[in-house]
Structure formats: structure tokens, C-alpha cells
Amino acid sequence: MLLRFRAANHKSLRDPVELSLVASALRGATPPDGDWKRATTRVAGIYGANASGKSTILDAIGFMIEAISNSATSWSGKSNRLRFPFHPYLLDENSSKGTSTYDVDFVFDDVRYNYGFRSNAKGIHEEWLSSYPHGRPRSLFHRKGLTAPKFTFGRTFPGRHQLLMEMVRSNALYLSVGANANHPLLSKLADAITQRTYYAAFNENAKASRLKWIMHAVEDPQLLMEAESLLRLADLGISGIELRESSIDDSLKKRIIKVYEALNDGMDDQIDPPDLEVLLREISREIKFSHGTSSEGEAGFLSINQESSGTIAWLTIGVPAIHCLKNGDTLIVDEIDASLHPLLSSALIGMFKDEEINKLGAQLVFTSHDVSLIGKLTENSMSADEIWFIEKDRDGASQLYSLHEFEFRNGDNFEKRYLEGRYGAIPSLGVERVRSIIEKAAR
Numbered sequence: 029m030l031l032r033f034r035a036a037n038h039k040s041l042r043d044p045v046e047l048s049l050v051a052s053a054l055r056g057a058t059p060p061d062g063d064w065k066r067a068t069t070r071v072a073g074i075y076g077a078n079a080s081g082k083s084t085i086l087d088a089i090g091f092m093i094e095a096i097s098n099s100a101t102s103w104s105g106k107s108n109r110l111r112f113p114f115h116p117y118l119l120d121e122n123s124s125k126g127t128s129t130y131d132v133d134f135v136f137d138d139v140r141y142n143y144g145f146r147s148n149a150k151g152i153h154e155e156w157l158s159s160y161p162h163g164r165p166r167s168l169f170h171r172k173g174l175t176a177p178k179f180t181f182g183r184t185f186p187g188r189h190q191l192l193m194e195m196v197r198s199n200a201l202y203l204s205v206g207a208n209a210n211h212p213l214l215s216k217l218a219d220a221i222t223q224r225t226y227y228a229a230f231n232e233n234a235k236a237s238r239l240k241w242i243m244h245a246v247e248d249p250q251l252l253m254e255a256e257s258l259l260r261l262a263d264l265g266i267s268g269i270e271l272r273e274s275s276i277d278d279s280l281k282k283r284i285i286k287v288y289e290a291l292n293d294g295m296d297d298q299i300d301p302p303d304l305e306v307l308l309r310e311i312s313r314e315i316k317f318s319h320g321t322s323s324e325g326e327a328g329f330l331s332i333n334q335e336s337s338g339t340i341a342w343l344t345i346g347v348p349a350i351h352c353l354k355n356g357d358t359l360i361v362d363e364i365d366a367s368l369h370p371l372l373s374s375a376l377i378g379m380f381k382d383e384e385i386n387k388l389g390a391q392l393v394f395t396s397h398d399v400s401l402i403g404k405l406t407e408n409s410m411s412a413d414e415i416w417f418i419e420k421d422r423d424g425a426s427q428l429y430s431l432h433e434f435e436f437r438n439g440d441n442f443e444k445r446y447l448e449g450r451y452g453a454i455p456s457l458g459v460e461r462v463r464s465i466i467e468k469a470a471r
């Protein structure tokens, strides 16, 4: 369960920003009754003008997850040795030459943990992990220094510390190394961060991952049934989904192999035969959607490329959403309103807010321009501590803040007040400039 995420010096996030899913009613570090579900919000929606930094918040979360997953393995290839990905704020020299910070609070086995690190292109400068078993922080490990780092360990931290220390390089996180070495605690905590968070993006770069989600759903009978139910819920006119396989002729197969070998030529990590077989298998498969019945009583079929972007968007959000709801995981969606009707976006939010559906405390974090989702469109209205805004200051640095920081009353129409500029984070429209340009051109 996600509690808080903080980042600094990541792209437009020059200054420290914090996204919190801790309910405003929680005063201490832990809930007195131990009920984390009641002490946290199920939803966090981030609003702001174009290029304000909405996606950057989610990108920072994704970077932290990727670093934990890969810094001890794929990031440590020959080409990356002693280097670490670095995405600083580039509009001032101090930031571009400084370090970035990533820090997360989360709950695992009903215990609160805090984990974070500071890094730049040279590697890891600092890394820490602490727990709150009885409401107070207790350090488990702390790493300080880029070269020959100094490690300190808490008395309750399990495992063989010295062995792991010898395996750590300047460009590898201790948490990542520990997880890779199957450390009794670190492997579980790394999984709690990386394997229980699902990211759905709708830019062109994420198209391949979206199609993988759908392919995975079609292969699993239970997920297929859930996917078909989602399609019927959205009233898209689709009655079923099928996965069809066809053979690849020898000439096409040879051409694919030649291209694969050409792309692989000169790379450090050679592609092994199983990867090629997976590619060939994926090429041979095609998803088909059945639509109603024809006059002859037979269903008509469309390929995934013939379906609307809205259908694909609904499936690639809905399938992981169902998974998260069943397992109490976190779903992160960039541009939730992309290709979706507002009522479908609202229905998705409602699923996470409905205690009868969301019994395990699953969470939804999203960005959007659809202000109807914070208004009175449906009964799934969002509360003040679930609504966040982001805008850039005069230096081009993104600032994140919650609607809960403003004065409000029960019954306020947040949508209307936001569009009126009461909360900031709206675009500055230069209509007069456009009018002036057109008038000059017409003279």
C-alpha cells in the first residue's frame, strides 16, 4: 500500500515534491488501531495545465521502480558499468550537477517502511531503509558515500550484511542487490514496491506494453472472462475475444531472423534463441473481437488494429484495475481520460472507492484533464485530499499541492472552482495574442 512518494531534481521537479495517499485524519506515523485501509485514500488524481509536470510525477515513481528492479542486473552491463541513469532539472547549473532524490513510504505486512536514495550519473550517493513497527522510525540500514560507502545496520536487520556489501557497486542499489540475492527481507520489500504497482500509459511509446496486457489477458481464462465482462460493462458492442494463431511461411521467417541478427550485431548482450522463438510466436498470433451476429447468425470479427482507441484504452486500464482490486495493489494511470468517455473514467474511480468492490485497499493514482471527474458528474465524487494540482513557477520548476491545503466546504463544486482559477494549475490563455497576430496578417 502506497503512503507517500517524494522526489527532487527529477526533470521539471527541481524542488522536493510529495504526493500523499495518507488520509488527512491520520495525525501520527501509524494509525492507532492499525487499520491502514481507513488511514489512506483509495484514489489520487493529479490535475494541471499541459506541460505542467503531471506525467513527470508518475515518471519519477516509474524511475524508482525501474532502479530497484534493474540496477543490480540489466543496468550493470558493460556499457553501463559505473554509470547510473540521471534525469535532473536542467534549467540551473546546481541541479544539473547535483543529485536526485527518490523516497517512498509504503506498508508491507501491516508495517510502515520508508525507503529512498540519492543519485546522479556517477552512482548512488546515499540510500536508506527504516521501519515503523511501533509507530516510531527504526533504521534498518543506511548507506553514505559514492566510493567506498559507509554502511550502518540496525540491530533488527536480518541477513548477511558483509556478503551483500561486497556485491554492491556504486551504480547498484543495496535494495536491488539484496533482492537479487534473495535476502529474507529486502527481496520481499523490493517486490512490495516493484511487483505490486502497475503502470498504464497512453502515449505512443507505451503502445507495445498495452498490447502485451491484452495478450496476457486473452491467454488466461480467468482474465479473459474479466476482460469480456469489462467490454460488456462499457457497452462497446463486443460480445467476445479470441486468440487466433497462424503459421509463418519459411521465407518470412528467414527475413525476420536476418533482421533480428542484424539488430543484434555488435551489442554486448547477445539475444538467445528462446527470445527469437517468443518473437516468432507473438507474430503468429492475432487477437480478434467478435461483434454481434450477422444476418446469417454468425458473429463478425475485427482485429485489434481495427478496434477503436477507446476499446484498447478501456481494456488496458480495466484488466490491470481488476487485478489490483483483487490483490490490493496500486494502479498508476497517465492520462486516464485519453480515449475514454468521462462516465467510464468515473466508473473506474468508483470501483476503487467502493468498499464492497475494493476490500483489500487497492489504490488508483492518475493524471487527467477531465475536470468532470472532480465535479458532481456522478456519485463517485472525489474528496479534497484525493485531488492534487501541479503547476510551474517562473523558473519552469513544477510545484505539487493538494486541494486540501485550500479552504473548502462540504458541497463545494471543485470542478467549477478549479475552472474559475481558485486553485491555480490552469493554463494561461493567450487568445489576445492570437487575435493580434491574425489582425496584423490581414492588414
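Letter 358 of the sequence shown, counting from 1, is numbered 386 in this note's numbering, and no numbers are missing.
All C-beta atoms, glycine included, are put in the ideal place defined by N, C-alpha and C.
Check	Outcome
Is the region 118-135 touching the region 429-442 in the sense that three or more CB pairs, one from each, lie closer than 8 Å?	no
What does DSSP give as the partner residue(s) for I269 in the beta ladder?	F317
Please state whether the Cβ-Cβ distance between V45 and R32 is less than 8 Å.	no
Which residues does DSSP pair with G328 in a beta bridge?	H319
Rounded to a whole number of angstroms, what is the C-alpha to C-alpha distance between L203 and R188?	13 Å
Could you check which residue in S374, F329 and G389 has the C-alpha nearest to that of G346?	S374
May I ask you to report which of helix, strand or coil DSSP gives F112?	coil
I'd like to know whether the C-beta atoms of G76 and L401 end up nearer to each other than 8 Å.	no
By how many angstroms is the C-alpha of I269 removed from the C-alpha of A35?	41 Å
Compare the C-beta of S102 against all C-beta atoms of chain C and say whether one is closer than 8 Å.	This model lacks chain C altogether, as it is built from one protein chain only.
State the CB to CB distance for the pair S215 and A207, rounded to an integer number of angstroms; the pair is presumed to be in contact (CB under 8 Å).	5 Å
Smallest Cα separation from T184: which of P177, S167, A200 and A176?	S167
Based on Cα-Cα distance, which residue from I152, Q190 and P161 lies nearest to K172?	I152
Cβ of I89 within 8 Å of Cβ of A218?	no
Return the bridge partner residues of A35 from the DSSP annotation.	V45 and Y130
Report the rounded CA-to-CA distance for L330 versus K316, giving the unit in angstroms.	6 Å
Which residue wins for smallest C-alpha separation from L428, given the options D63, A67 and T84?	T84
Pop quiz: Y130 and S123 are said to be a contact at Cβ under 8 Å. What is the actual Cβ separation, rounded to whole angstroms?	Y130 to S123, Cβ: 15 Å. No contact.
If the criterion is Cβ atoms closer than 8 Å, does the pair A412 and F436 meet it?	yes
Measuring alpha carbon to alpha carbon, tell me which residue in F169, D278 and G126 is nearest Y141.	F169
Measuring alpha carbon to alpha carbon, tell me which of G62, L343 and E121 ends up nearest P161.	G62
Since I believe S158 is in contact with V139 (beta carbons under 8 Å), could you give me their beta-carbon distance rounded to a whole number of angstroms?	Incorrect: roughly 11 Å between the Cβ atoms, too far for contact.
Which residue from E121, P60 and L86 puts its Cα closest to that of W416?	L86
Looking at the structure shown, is Q427 part of a helix, part of a strand, or coil, going by DSSP?	strand
Could you give the C-beta distance for G389 and K65, rounded to a whole number, given that I count them as a contact under 8 Å?	4 Å
Compare the Cα-Cα distances from R164 to each of D362, E256, L405 and G56 and report the closest residue.	G56
Return the CA-CA distance between Q298 and L251, expressed in angstroms with no decimal places.	For Q298, the predicted structure reports a pLDDT of 43, less than 50, and the residue's modelled location is therefore unreliable. A value from the coordinates is still provided. C-alpha separation (whole angstroms): 34 Å.
Just to confirm the assignment: which complete alpha helix (DSSP H) runs, minimum length 4, are found wholly within the region 154-237?	189-195, 202-208 and 214-222
For A67, which residues of its own chain have a beta-carbon under 6 Å away from its beta-carbon, when the five flanking residues on both sides are left out?	A51, L54 and P59
Going by DSSP, which residues form a beta bridge with W416?	I74 and S430
Return the CA-CA distance between W156 and N408, expressed in angstroms with no decimal places.	38 Å
With a cut-off of 8 Å on the beta carbons, I'd call S426 and L41 a contact; round off their distance for me.	5 Å
Counting along the chain, where does the alpha helix (DSSP H) carrying G346 start and finish?	S337 to N355
What did DSSP end up calling S279 once you bin it into helix, strand or coil?	helix
What does a CB cutoff of less than 7 Å around P113 pick up in its chain, not counting 5 residues either side in sequence?	none
Could you give the DSSP three-state label for S66: helix, strand or coil?	First, the residue type needs correcting, since residue 66 is Arg and not Ser in the sequence shown. Coil.
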